[in-house]
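**Student:** Sharing a structure here in structure tokens format.
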């Protein structure tokens, strides 16, 4: 395998083939929690991506200095630092999104996608590969949250680009009665289940693996 | 030993670096966050009170009350920043009340109620029920304002909280309801007032002499003796001593104490007793 191929693989692996949500079922807590609205799902995905890229990068840079026995506490401190930075930035510049994501922003600290990539990838690979891996997995996570929240908002609210009343577009007109369950936690499980099943069918059909 | 030292130092270095990064970020974002919150607050203020010129903030029982003045330094209303506990967590909101004590607006700042169920508290349909209601109107859940079925906790706690805040505003800032009756504005004379008690009505006679509350007599009462003895003559004495009706009610005789207070309130002309004044002047 030539060199550029490895890098391309690092970048794309996380998006489809090893999509953290639909394929590996990792980090499901925010996936289920904040996907009632498309904007929130996308925002959560991008916030997690930013943390993932930064933590992958930093952990890969300093991996030589971290003793094996305290690596997990070190990773957690680094991840928590970036999460707090992201939270402060969101609160300052994207207050509505910060409000909507609520407790799920601090919970990115324990998102197993991020710790998983730090432990399994960034702490053993060169800096550039870790960076690409962070971007790829982050995009995959964002993509999954985007699809799930799109489905849930359209089905559960009949709108897109809500909950902000100014930007919300009502798709079906006033006679449409939204399926309220999709806006609620049980609906998140149902929608996720359907999407995971769909991904599996597609993977089988096109023999991706 | 050497190994432990190495582990500790590594952890400490990482923690110190993290802390300095966070301190740096905090100093950048904190002023922006504070500025933005203040702007939002001012915008809400202007939405509710377009003629606002100045305001001052007072804190009562953990809630913030902003007294709004127009350009002539007249109070035009109060905007309270307060919170209550809903189903999913804390609900922060602004409640604006005009000079007459009527609710003119509610704005939810933040909440964590269930999307599609409890977030009905942010809907116009729910909030409009309160508009125009004052401290004099009963705000009773399920009777005067509707509880939304499925969202009992969310809407119920909002209703309770709004009712409490409106009364606090009327009592502290608008000089109505509650304890602040201006006795000096009442002409001298003897007044009587009655309220419904435990087993019948309770009637008091009060005398105003040169703007002071001089005497409170109980003319008729049907209270439970063991409790009433706790409230009388102590409650009238306290009212006369303080020249105010917002006395601490007697533990163990709360109802009797409150009845005496509201009977006195009913007796005085121009007051706003809950039972409708039937005071008579002699």
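Protein chains in written order, with the numbering used here: chain A, 5 to 213; chain D, 13 to 294. Glycine included, each C-beta is placed from N, C-alpha and C at the ideal position.
Please report whether the beta-carbon of residue 96 of chain A lies at a distance below 8 Å from any beta-carbon of chain D.
**Tutor:** Yes, its Cβ sits closer than 8 Å to a Cβ of chain D.
**Student:** Roughly how many whole angstroms lie between the Cα atoms of residue 212 of chain A and residue 203 of chain A?
**Tutor:** So the two alpha carbons sit approximately 11 Å from each other.
**Student:** Going by the DSSP bridge assignment, what does residue 92 of chain D pair with across the sheet?
**Tutor:** In the DSSP output, where bridge partners are listed per residue, residue 92 of chain D has D:77, D:107.
**Student:** Is the distance from the Cβ of residue 57 of chain A to the Cβ of residue 139 of chain A below 8 Å?
**Tutor:** Yes.
**Student:** Of the residues D:125, D:44, D:81, D:104, which one's Cα is nearest the Cα of residue 119 of chain D?
**Tutor:** The shortest C-alpha separation from residue 119 of chain D is found at D:104.
**Student:** If contact means a Cβ-Cβ distance below 7 Å, which residues of the stretch 39-55 of chain D contact chain A?
**Tutor:** Listed by position along the chain: 41, 44, 45, 48.
**Student:** Given this structure, state the Cα-to-Cα distance separating residue 33 of chain A from residue 177 of chain D, to the nearest angstrom.
**Tutor:** Cα to Cα, residue 33 of chain A sits roughly 37 Å from residue 177 of chain D.
**Student:** Counting only beta-carbon separations shorter than 8 Å, does residue 163 of chain A have a partner in chain D?
**Tutor:** False, the Cβ-Cβ gap to chain D never drops below 8 Å.
**Student:** Anyone know if the C-beta pair for residue 113 of chain A and residue 82 of chain A falls short of 8 Å?
**Tutor:** No.
**Student:** What do you reckon, are the CB atoms on residue 233 of chain D and residue 209 of chain D nearer than 8 Å?
**Tutor:** In contact: residue 233 of chain D and residue 209 of chain D (Cβ atoms closer than 8 Å).
**Student:** Taking 8 Å as the CB-CB limit, is residue 173 of chain D close to chain A?
**Tutor:** False, the Cβ-Cβ gap to chain A never drops below 8 Å.
**Student:** Under 8 Å between the Cβ atoms of residue 19 of chain D and residue 85 of chain A?
**Tutor:** Not a contact, by the Cβ cut-off of 8 Å.
**Student:** For chain D, is any of its Cβ atoms less than 8 Å away from the one on residue 93 of chain A?
**Tutor:** So yes, residue 93 of chain A belongs to the interface.
**Student:** Got a sec: is the Cβ-Cβ distance from residue 19 of chain D to anything in chain A below 8 Å?
**Tutor:** Chain A, which has a Cβ nearer than 8 Å to the Cβ of residue 19 of chain D, makes this yes.
**Student:** In whole angstroms, what separates the C-alpha of residue 222 of chain D from that of residue 279 of chain D?
**Tutor:** If you take the alpha carbons of residue 222 of chain D and residue 279 of chain D, they lie about 17 Å apart.
**Student:** Taking Cβ-Cβ distances shorter than 9 Å, what residues in chain A pair up with residue 126 of chain D?
**Tutor:** Those within 9 Å of residue 126 of chain D in chain A are 187, 188, 189.
**Student:** For residue 79 of chain D and residue 102 of chain A, what's the separation of their Cα atoms in angstroms?
**Tutor:** C-alpha separation (whole angstroms): 30 Å.
**Student:** Using beta-carbon positions only, say whether residue 192 of chain A and residue 36 of chain A come within less than 8 Å of one another.
**Tutor:** The answer is yes: Cβ separation under 8 Å.
**Student:** Tell me whether residue 205 of chain A, by its Cβ, gets closer than 7 Å to a heavy atom of the ligand ZN.
**Tutor:** In the structure on display, the ligand ZN does not appear, and there are no ligands present to speak of.
**Student:** According to the neighbour-count rule (16 or more other Cβ atoms, all chains shown, within 10 Å of its Cβ), is residue 254 of chain D buried or exposed?
**Tutor:** Flag for residue 254 of chain D reads exposed.
**Student:** Does the Cβ-Cβ distance between residue 126 of chain A and residue 134 of chain A come in under 8 Å?
**Tutor:** Yes.
**Student:** For the stretch 22-48 of chain A, enumerate the residues whose C-beta is nearer than 9 Å to any C-beta of chain D, in chain order.
**Tutor:** For the stretch 22-48 of chain A, which is checked against every Cβ of chain D, the residues closer than 9 Å are 40, 41.
**Student:** Starting from residue 266 of chain D and walking both ways along the alpha helix (DSSP H), at which residues does that stretch end?
**Tutor:** Per DSSP, residue 266 of chain D belongs to the alpha helix (DSSP H) from 266-279.
**Student:** Go ahead and pull the three-state DSSP assignment for residue 46 of chain D.
**Tutor:** In the structure shown, residue 46 of chain D sits in a helix (DSSP, three-state: H, G or I).
**Student:** Leaving aside the five residues before and after residue 48 of chain A along the sequence, list all residues of the same chain whose C-beta is less than 7 Å from its C-beta, in chain order.
**Tutor:** Around residue 48 of chain A: 34, 38, 105, 108, 149.
**Student:** Does residue 13 of chain D have its Cβ less than 8 Å from a Cβ in chain A?
**Tutor:** False, the Cβ-Cβ gap to chain A never drops below 8 Å.
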